[in-house]
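So for the sequence shown, UniProt numbering puts the first residue at 1; every next one is plus one. The beta-carbon is built from N, C-alpha and C at its ideal position, and this holds for glycine as well. Keep in mind the model is a prediction, meaning the values are calculated, not measured. Please read the structure below before turning to the comments.
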Amino acid sequence: MLDPVQLRSFAAVARARSFTRAAATLGVGQSTVSQHVRRLEATVGRPLLDRDTHSVSLTVDGEAMLEFAATILDAGDRAMAHFRASRVHGRVRFGVSEDLVLTRLPAVLADFRRRHPEVDLELTVGLAGGLEHRLDAGELDLMFAKRLPGPDDGRLVVRRDRFVWVGAPGLPLGPGDPVPVVAYPPPSLSRTAAVGALEAVGRPWRMACTSGSLSGLRAAALAGLGVLAHAATLVPDGLEVVGDRAGLPELGPVELVLAHGRRRSDPAEALVRSIRTADLRPESWTPPNGG
């Protein structure tokens with residue numbers, strides 16, 4: 001039998017790529033997390049993590065175990081939610097970045113509502129900057145959005161990703177051409193990443209389209225108006241990663257995080273559990289080949 005406590009510690013380390021951050025997320029000591037992982041490795045008889053003084057990464061068996069852990073933990077959470085669903089009631093005001101709505105998140109929210117029929121879920125979709133402002137103002141109870149990696153501020157890192165350049169298939173963009181950029185209006189993490197990367201290498205660029213909606217950006221990119229910076233695992237349907245032929249600079253990492261508002265509530269905590277155990281990739285997602 002695989003111990004769910006050990007699986008939860010392992011999954012937290014796998015997501016955070018750090019024993020220290022995993023321990024902080026779980027609210028236990030780092031030595032406890034390390035012990036859980038060692039016992040889990042002893043149970044299956046295979047190493048699940050490659051770790052040294054600077055980094056932690058998953059082995060091939062670790063990648064497989066992460067999928068098993070998600071399934072097992074989700075089953076446990078479903079069972080517990082079933083028997084205590086009547087005790088979770090109230091309201092949760094949930095803010096989410098628009099591009100995350102294109103993942104399996106709607107299915108997760110539908111399942112959450114089935115499990116917790118007495119919870120009033122209020123959904124706000126917008127840009128990360130606007131959601132941050134509303135969270136700080138006390139207008140949201142929970143936010144799911146992107147942020148650039150930085151100091152640990154207590155937010156739960158659901159997944160680490162990276163920005164890539166995406167555009168229409170066959171976009172004629174050479175390594176010496178000025179770059180037509182398609183972007184959200186400021187403040188926008190992806191816009192900042194795109195413009196900053198181009199200016200850092202001295203690549204000429206122009207703003208070809210600004211839109212406050214992902215559907216507008218996608219339409220502009222599909223029309224061949226330009227390229228946009230986007231999370232690698234959230235590339236909109238019909239677009240593709242622009243390969244090395246365009247000579248575009250690297251854009252850097254990004255994180256998908258959950259952040260609580262001024263207060264924590266049972267409905268918000270229940271929603272966090274649902275999101276943490278879900279596979280949120282788009283149905284059509286495949287690993288990027290370029291960027």
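- In the DSSP assignment, no residue is bridged to residue 133.
- A Cβ-Cβ separation of about 15 angstroms leaves residue 271 out of contact with residue 125 under the 8 angstroms criterion.
- For residue 89, no alpha helix (DSSP H) segment is defined, and its DSSP state is neither H nor E.
- Taking 8 angstroms as the cut-off, the beta carbon of residue 253 is found no closer than this to the beta carbon of residue 201.
- Here residue 76 carries a helix assignment [DSSP, helix/strand/coil].
- Pairwise C-beta distances place the segment 189-198 out of contact with the segment 103-120, as fewer than three of them are shorter than 8 angstroms.
- Taking all protein chains shown into account, residue 148 has fewer than 16 neighbouring C-beta atoms within 10 Å of its C-beta and is therefore exposed.
- Distance from the CA atom of residue 264 to the CA atom of residue 180, rounded to whole angstroms, is 43 angstroms.
- Taking C-alpha positions only, residue 223 is separated from residue 255 by approximately 29 angstroms.
- The three-state secondary structure of residue 190, taken from DSSP, is helix.
- Nearest to residue 208 by alpha-carbon distance, out of 183, 117 and 275, is 183.
- Taking C-beta separations shorter than 7 angstroms and ignoring five residues to either side along the sequence, the partners of residue 59 in its chain run 47, 48, 49 and 50, following chain order.
- A straight line joining the alpha-carbon of residue 43 with that of residue 66 spans about 15 angstroms.
- Excluding sequence positions up to five before and after residue 178, its CB lies within less than 7 angstroms of the CB of 204, 205 and 206, all in the same chain and listed in chain order.
- Pairing residue 90 with residue 267 gives a Cβ-Cβ distance under 8 angstroms.
- The criterion of a C-beta distance shorter than 8 angstroms is not satisfied by residue 219 and residue 226.
- In the structure shown, residue 111 adopts helical secondary structure according to DSSP, grouped into three states.
- Around the beta carbon of residue 117, fewer than 16 other beta carbons lie within 10 angstroms, which makes this residue exposed.
- Contact between residue 144 and residue 275 is confirmed by a C-beta separation of about 7 angstroms, below the 8 angstroms threshold.
- The residue from 10, 273, 260 and 39 with its alpha-carbon nearest to that of residue 132 is 260.
- Nearest to residue 130 by alpha-carbon distance, out of 185, 20, 29 and 79, is 185.
- Judged by beta-carbon spacing, residue 12 lies beyond the 8 angstroms limit of residue 32, meaning their Cβ atoms are not closer than that value.
- When DSSP states are grouped into helix, strand and coil, residue 264 belongs to the coil group.
- Within the segment 162-227, the complete alpha helix (DSSP H) segments at least 4 residues long are 189-200 and 214-222, listed from N- to C-terminus.
- Following the DSSP letters along the chain, one finds residue 31 in no beta strand (DSSP E) but inside the alpha helix (DSSP H) bounded by residues 30-44.
- Less than 8 angstroms separates the beta-carbon of residue 232 from that of residue 162.
- The Cβ neighbour count for residue 97, taken over all protein chains shown within 10 Å, is at least 16; the residue is labelled buried.
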